[in-house]
Each structure stands twice: as C-alpha cells, then as structure tokens.
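These protein sequence lines map, in sequence, to chains Z and W.
The working numbering numbers the first residue of the first sequence as 969 and each following residue consecutively.
The working numbering numbers the first residue of the second sequence as -13 and each following residue consecutively.
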Amino acid sequence: AQKITQTQPGMFVQEKEAVTLDCTYDTSDPSYGLFWYKQPSSGEMIFLIYQGSYDQQNATEGRYSLNFQKARKSANLVISASQLGDSAMYFCAMREVWTSNTGKLIFGQGTTLQVKP
Amino acid sequence: NAGVTQTPKFRVLKTGQSMTLLCAQDMNHEYMYWYRQDPGMGLRLIHYSVGEGTTAKGEVPDGYNVSRLKKQNFLLGLESAAPSQTSVYFCASSHRDRRNNEQFFGPGTRLTVL
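1) Kindly list the residues whose CB is nearer than 6 Å to the CB of lysine 0/W, restricted to its own chain and excluding five residues on each side of it in sequence; keep chain order.
2) Measuring CB to CB, does glutamine 58/W end up less than 7 Å from alanine 10/W?
3) Taking the CB atoms as reference points, tell me whether phenylalanine 1075/Z and phenylalanine 1059/Z lie closer together than 7 Å.
4) By DSSP, does leucine 1052/Z sit in helix, in strand, or in coil?
5) Would you say proline 93/W reaches chain Z, if we count a Cβ-Cβ gap shorter than 7 Å as a contact?
6) What is the residue span of the beta strand (DSSP E) that alanine 42/W lies within?
7) Specify whether the stretch 1053 to 1073 of chain Z and the stretch 1004 to 1011 of chain Z touch according to this definition: at least 3 beta carbon pairs, one from each stretch, less than 8 Å apart.
8) Express the C-alpha separation of isoleucine 32/W and proline 47/W in angstroms, rounding to a whole number.
9) Around the Cβ of glycine 1078/Z, are there at least 16 other Cβ atoms within 10 angstroms (buried) or fewer (exposed)?
10) Which residue comes first and which comes last in the beta strand (DSSP E) that contains cysteine 77/W?
11) Could you give the DSSP three-state label for serine 70/W: helix, strand or coil?
12) Measuring CA to CA, which of Arg54/W, Gly28/W, Leu97/W, Val(-2)/W is closest to threonine 40/W?
13) Taking the alpha-carbon positions, what's the glutamate 1029/Z to glutamine 974/Z distance?
14) Do you know how far the Cα of glutamine 23/W is from the Cα of leucine 1073/Z?
15) Which one of Gly63/W, Ser35/W, Leu29/W, Ala42/W has the shortest CA to CA distance from leucine 7/W?
16) Give the single residue among Tyr75/W, Asp12/W, Asn51/W whose Cα lies nearest to the Cα of serine 66/W.
17) Could you check the C-alpha separation between lysine 1084/Z and proline 1008/Z for me, to the nearest Å?
18) Comparing C-alpha positions only, which one of Lys971/Z, Ser1042/Z, Asp997/Z, Phe980/Z sits nearest to serine 919/Z?
19) For glycine 44/W, count neighbouring Cβ atoms within 10 angstroms of its own Cβ and tell me buried if that reaches 16, exposed if not.
20) Between valine -2/W and chain Z, is there a C-beta pair that is closer than 7 Å?
21) In this structure, what does DSSP give as the bridge partners for glutamate 88/W?
22) Report the rounded CA-to-CA distance for serine 999/Z versus lysine 971/Z, giving the unit in angstroms.
23) For leucine 989/Z, collect the residues of the same chain with a Cβ closer than 6 Å to its Cβ; drop the 5 residues on either side in sequence, then sort them by chain order.
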C-alpha cells in the first residue's frame, strides 16, 4: 500500500494566484514528520517546509504553508502569490519516527506545477 | 561549505559493466542515503547508513552495494549494470539529532545503461 499519495500529476496556476498541492499519507506510527521538496527542471531537490505530527500549528515558511489535517491524514502544500519560478515538480515525503528512527523518507510520486504568466 | 556532492554527474555504461558512485558531505551528518528517481515514481530508497561502518537496505536494494568507511563518504556500487538501473541517483544526508531530520540532497547522477 502506498504510504504517500499525490493524486495530481500536473497542475496549472495563474501567476500571483494561490495553489494547493494535495498529499495524503498512511501510517500507524504515532510520531512522524511530513516534508515538501521542490525539484526544478535543473534537477536539484530543495527543502521547502516541515510539519511534525505533534505540532499544534500548521507550518509556514514565507509563501509556503502546510495545511495539516491529522484526522484526514492530509498534508497539503499551499503556495501563495505564485511566481514563474515556482514552476517545478513538488514532492511530499514522510518520515516515521518510532517505526524506523533512521531519518529515511518515503516519497510520493510528485506533482508538476506550471505557473502561467 | 559544499554541502552534499556527487561524482560523477553523468555516466553511460554498457550492460554488465561496473561502476561506483561517490557521495561526500561536509556537514558532519550521521545519516546518509542513496535514492533513485524514475519517471512517475518519485524517489525510492536504495540503501542507507546511520553511521560510519554501518549500512542497511532500503526499498529497492537489489543490484546495488554500498559502503561507508568514512563518516563523510557513502559509496554506491553497481557490480553488473543492467538497463533497468538507468535512472537518476540522488545522495542525501541528515543530522541525527535535529527535530526535523531535514535531508540535504546532492545534485544527482544521471546514469544510462545501454
């Protein structure tokens, strides 16, 4: 069974608008972390934002915020005021702490975001 | 501070050839990882290491071997390359005791096996 699911293979958004990238996860571990990474066409992996399962508030980093709904097991990435440079592949990933305290990540399939001028 | 570096950046192999990919990090991280990225499948963990001299299998370890003789280096070996190993390989490292264990990635190695 897939532990991380990103159901949107591709998304379009108009420049300056907000966009939500979906991520759902599946784990029985009570302690886990959720990550979002950005991969531009140049190929590098760029860390964007982190949410811990016990964090009371949703994580925010500049124009990025994570809409964490624990009961629904979703961790959607919200990008506000989209810019052309946001066009990239976005990956959601999870780290299970109690099951495997080795820091290893489980990745979703990714969502390609294209920002239109 | 170079972060995570990978050598080589590109390589073309013939079926049956062997090669070693080198990953180096200068952040004194305890944990290191090798992933492969294939179209439409995200990143999948091949092998990982939680410290010098220790390695463990990830999700897709078959056909690969690894070694971590020094804390800063993590080597990925292909003993007999197969076309199915054509992929982009990423190395990553993370600190053991940081709350989020953020992984820092290298630039990737694009490998083609003919």
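Each residue gets a CB set at the ideal place from its N, CA and C atoms; glycine is no exception.
Taking the geometry as given:
1) Counting only Cβ-Cβ distances below 6 Å, and skipping sequence neighbours, we find Leu100.
2) Their beta carbons are under 7 Å apart, which means glutamine 58/W touches alanine 10/W by this criterion.
3) The answer is yes: Cβ separation under 7 Å.
4) DSSP, read as helix, strand or coil, puts leucine 1052/Z in helix.
5) Closer than 7 Å: yes.
6) The continuous beta strand (DSSP E) containing alanine 42/W extends over residues 40 to 43.
7) The stretch 1053 to 1073 of chain Z makes contact with the stretch 1004 to 1011 of chain Z: 3 or more CB pairs, one atom from each, lie closer than 8 Å.
8) Distance between the alpha carbons of proline 47/W and isoleucine 32/W: 5 Å.
9) Buried is the call here.
10) Residue range 73 to 80 is occupied by the beta strand (DSSP E) that includes cysteine 77/W.
11) Note: serine 70/W maps to helix in three-state DSSP.
12) Cα-wise, what sits closest to threonine 40/W is Arg54/W.
13) One C-alpha to the other measures close to 21 Å.
14) Cα to Cα, the separation comes out at about 13 Å.
15) Comparing C-alpha distances from leucine 7/W to each of Gly63/W, Ser35/W, Leu29/W, Ala42/W shows the shortest one belongs to Gly63/W.
16) Selected option, being the one with the closest Cα: Asn51/W.
17) Note on geometry: alpha-carbon atoms of lysine 1084/Z and proline 1008/Z lie some 15 Å from one another.
18) Residue 919/Z cannot be examined here, being either before or after the span of chain Z that is shown, 969 to 1085.
19) Glycine 44/W should be labelled buried.
20) Between valine -2/W and chain Z, the shortest Cβ-Cβ separation is not below 7 Å.
21) Beta bridge pairing from DSSP links glutamate 88/W with no other residue.
22) If you take the alpha carbons of serine 999/Z and lysine 971/Z, they lie about 15 Å apart.
23) The residues Leu1045, Tyr1058, Thr1079, in chain order, have a CB closer than 6 Å to that of leucine 989/Z in the same chain once the five nearest residues on each side in sequence are set aside.
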